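Residue numbers (the working numbering): 599 to 901.
See the structure below:
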């Protein structure tokens, strides 16, 4: 088996070049599967200094690697850092008590309609000297609902000064005034390709079947290619995608196996030919529709 997940770091550079240097870059989940250390090095070299992660290990790595970097730990993980450049997330008294006890700077999270984490504004907490920022996450993609969420957020911070105010995510580009942007997918969009190769070619006669439980029965004589990419790559076993081989598109047939998939091909395709399942000719938007998954879910699960 030879699944190749490739990452085009030139595309990541181009994506970063479209962002303000004041943007907070989300590098959680190993930079969405794109290698945190590599993406960090690229973004730091380009002038970015504020990063967001999900755990203390990544946060401490970043601030130890770059002495003028700053990191916000999203979510609930707690740590103690003497650098004062690692910020925790606070959403209530328990978190606040931890930060006061260990003199840890923090950002206060305001609850949005996602109802995931966060709380209503608490003046006692946000006006404390340890509070360095206030943020929320907007979970809507509809423009009108985005406006409503931004307005609700802005109304809560009217009297707050000298704090870093930021909202996520990537779909908010171009919608914010006087509020910093926190992005993840805007960094990585279009950078990942998934490649395999043809490992076997054979004829399947009319009425013959292939795959588990006769998942495909040929209506006519066809040529079949087996590609060494299965559902262990992160793709669903039951969904059929088109693939790109030698400047042509071909369709998958049958149910994917753990390590292999079936493709209806023609005489041009030979053993050893490269198969593109995601990349320049098969955009993530197409895979989103076929898989009925967001690109976020796909990116972090592709192997």
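Yeah, the Cβ is synthetic: ideal placement off N, Cα and C, and Gly gets one too.
These figures come from a predicted structure and were not determined experimentally.
- Setting aside the 5 residues that flank it on each side, residue 803 is surrounded in the same chain by 816, 819, each with a C-beta closer than 7 angstroms to its C-beta; the list follows chain order.
- By the neighbour-count definition (other C-beta atoms within 10 Å, threshold 16), residue 787 is a buried residue.
- If you ignore the 5 residues before and after residue 882, its C-beta comes within less than 6 angstroms of the C-beta of 893, all in its own chain and listed in chain order.
- DSSP, read as helix, strand or coil, puts residue 709 in coil.
- Nearest to residue 627 by C-alpha distance, out of 619, 648, 653, is 653.
- Residue environment for residue 615: exposed (fewer than 16 other C-beta atoms within 10 angstroms of its C-beta).
- Residue 620 sits away from residue 752, with the two beta carbons spaced by 9 angstroms or more.
- In the three-state DSSP reduction, residue 734 falls in the strand class (E or B).
- A residue is called buried once 16 or more other Cβ atoms fall within 10 Å of its Cβ, and residue 747 is buried on that count.
- The Cβ atoms of residue 672 and residue 703 do not sit closer than 9 angstroms to each other.
- With respect to the 9 angstroms criterion, residue 700 and residue 724 are not classified as neighbours on the basis of their beta carbons.
- Fewer than three pairs of CB atoms, one per stretch, sit closer than 8 angstroms, so the stretch 843–857 makes no contact with the stretch 762–769.
- DSSP, reduced to helix, strand and coil, places residue 850 within a strand of the structure shown.
- Contact between the stretch 853–873 and the stretch 823–837 is present: three or more C-beta pairs spanning the two stretches fall below 8 angstroms.
- Note that the C-beta distance between residue 634 and residue 661 is not below 9 angstroms.
- For residue 684, the closest alpha carbon among the candidates 692, 691, 708, 655 is that of 655.
- Here residue 689 carries a coil assignment [DSSP, helix/strand/coil].
- A residue is called buried when at least 16 other Cβ atoms come within 10 angstroms of its Cβ; residue 689 meets this threshold and is buried.
- Secondary structure note for residue 888: its alpha helix (DSSP H) is the uninterrupted segment 882–889.
- The beta carbons of residue 793 and residue 605 sit about 12 angstroms from each other, so the pair does not count as a contact at 8 angstroms.
- In this structure, the alpha-carbon of residue 783 lies about 8 angstroms from that of residue 630.
- Nearest to residue 866 by C-alpha distance, out of 771, 799, 735, is 799.
- Pairing residue 638 with residue 674, the inter-Cα distance amounts to about 23 angstroms.
- Note: residue 863 is bridge-paired with 821 in the DSSP secondary-structure output.
- Pairing residue 795 with residue 877 gives a Cβ-Cβ distance that is not under 9 angstroms.
- For residue 632, the secondary structure class from DSSP, reduced to helix, strand or coil, is coil.
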